[in-house]
Amino acid sequence: MEGLPPIEPYRRKYEEIDHRMASPDFFSDRRRAAALSREHQKLGELLDLYDRYESCRRQVSENQALARDSGTEEELREMAAAELEELENDADALREKILFAMIPPDETDSRNTILEIRAGAGGDEASLFAGDLYRMYCRYAETRGWNVETLGMSESECGGFKEVAFLVSGEEVFKNLKFESGVHRVQRVPVTEAGGRIHTSTVTVAVLPEAEEVDVEINPEDIEVTISRASGAGGQHVNTTDSAVQILYKPTGMIVHCADERSQHKNRAKAMTVLRSRLLQAKEEEERAKYAADRKNQVGTGDRSERIRTYNFPQSRLTDHRIGLTLHNLPEVLEGNLGEVVAALQEADYRTKLESLVQRA
């Protein structure tokens, strides 16, 4: 079909997965089985769209021939000509749906996700806003039916967070949260500001797809584990056992600290989860850097130094600088209503990938 990549590779992939799904041990790995089942369904929808597009194009050709045929009754020629515009519009709409369906999914889209939020410039205001973002993501996760598990946190004296890391588990978590990586800027009047002046502060967010052991191989000799007594907020919450775990990854100097659990073993397991995910992200960023020229117009997903968004409280305005999106419902967004923002970012990313796909067709 003109303007469309060949359908045969997608048909072969569908048949290959179809064959694998018939295997008796297909569901032995439930996570893998779920991912393949989703891919099988999407490929099936793509093939159905392609068949409908092919049928529509045949109708367009037949109507064009009929409208030009001088031997056909004038009334039939007029009817064929009248249907042409609608048929061509249908064909164009199907073509765009096919191209969207042909965009290869990110292999990590179905992964659970680790978010790390750190207060940046702005002192107490940055810490308070780190707490606001943490609650925003937790509420968004709740609306999606996802689970949130805290991996570690360092609270500030003002009530926010110096940093907080947490694991979000559920269906297609990374697909919906991957565009949150970067610098989030907040503009508002602090409670302590008697003059009513607007204060600007920043918070960095890192979004890491949860890594599995098969993704990143860690040599035990490359890590150095330090155990210490976890500090608490005082009273009954002070941890009186040596349970805090710090892991140093010697090849890069990367350090992961976890003291959220009272169990040393649980803290070590959580710290290793974070370490594997950070190493996986570093590996993927290295691969993406090789194609930086091709990605210059894409929506950013990994550069945590990139200022991606501004939250302006006086004007109740949220602006995503990557796609020029501006919303005037900031309180709702901070309550976890991120759907409109996520959808707009995904649409922009799809459009960029679509242009690349068309150019290769």
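Start counting the sequence shown at 865; every next residue gets the next number (this note's numbering).
From the three backbone atoms N, C-alpha and C, an ideal C-beta is built for every residue, glycine too.
With 16 or more other Cβ atoms inside 10 Å of its own Cβ, proline 1073 counts as buried. The closest CA to that of proline 968, considering only Ala1146, Lys1039 and Arg1003, is found on Lys1039.
In the DSSP annotation of this structure, the continuous segment of the alpha helix (DSSP H) that includes proline 1195 starts and ends at 1194-1198.
Inclusion of arginine 1186 and leucine 1209 in the CB contact set at 9 Å is warranted, their separation being smaller than that value. Under the DSSP assignment, phenylalanine 1177 falls outside any alpha helix (DSSP H); it carries neither an H nor an E label. Taken in chain order, the complete alpha helix (DSSP H) segments of 4 residues or longer contained in the segment 870-955 are 872-885 and 894-932. Per the DSSP secondary-structure output, glutamine 1051 pairs in a beta bridge with Thr1064 and Asn1176. Under the three-state reduction of DSSP, valine 1120 is assigned to strand.
Distance between arginine 1061 and arginine 1052, taken at the CA atoms: about 8 Å. Within the model, the alpha-carbon separation for phenylalanine 1043 versus glutamate 942 is close to 51 Å. DSSP places leucine 1015 inside the beta strand (DSSP E), whose first and last residues are 1011-1019. Excluding the 5 residues flanking it on each side, leucine 900 has same chain C-beta neighbours closer than 6 Å at Ile881, in chain order. The bridge partners DSSP lists for glutamate 980 are Ala1029 and Ala1070. Assignment of threonine 972 by DSSP, reduced to helix, strand and coil, places it in the coil class.
Taking the C-beta atoms as reference points, isoleucine 1091 is found no nearer than 9 Å to leucine 1143. With 16 or more other Cβ atoms from the protein chains shown falling within 10 Å of its own Cβ, alanine 1075 counts as buried. Separation of leucine 940 and asparagine 953 (C-alpha to C-alpha, rounded to the nearest whole angstrom) is 21 Å. Annotation for glutamate 989: no beta strand (DSSP E) segment contains it, though the alpha helix (DSSP H) segment containing it runs 988-1008. DSSP lists Ser1092 as the bridge partner or partners of alanine 1108. Here methionine 966 is buried, its C-beta having at least 16 other C-beta atoms within 10 Å. According to DSSP, residue pairing for threonine 1183 in a beta bridge involves Thr1174 and Thr1190.
Nearest to valine 1012 by C-alpha distance, out of Gly987, Lys961, Phe1025 and Asn976, is Asn976. Bounds of any alpha helix (DSSP H) do not take in lysine 1042, whose DSSP letter is neither H nor E. Isoleucine 967 carries a coil assignment under DSSP once its states are collapsed to helix, strand and coil.
Burial state of glutamine 1179 is exposed, judged by a 10 Å Cβ sphere holding fewer than 16 other Cβ atoms. Assigned with DSSP and collapsed to three states, isoleucine 1082 falls in coil, not helix or strand. Contact annotation: asparagine 927 and glutamate 947 have beta-carbon atoms nearer than 9 Å. If you ignore the 5 residues before and after threonine 972, its C-beta comes within less than 6 Å of the C-beta of Phe1038 and Pro1073, all in its own chain and listed in chain order.
Of the residues Lys1026, Gly1034, Ser1020 and Ala1207, the one whose Cα lies closest to the Cα of valine 1069 is Lys1026.
Beta-bridge partners of tyrosine 1113 (DSSP): Ile1087 and Met1118.
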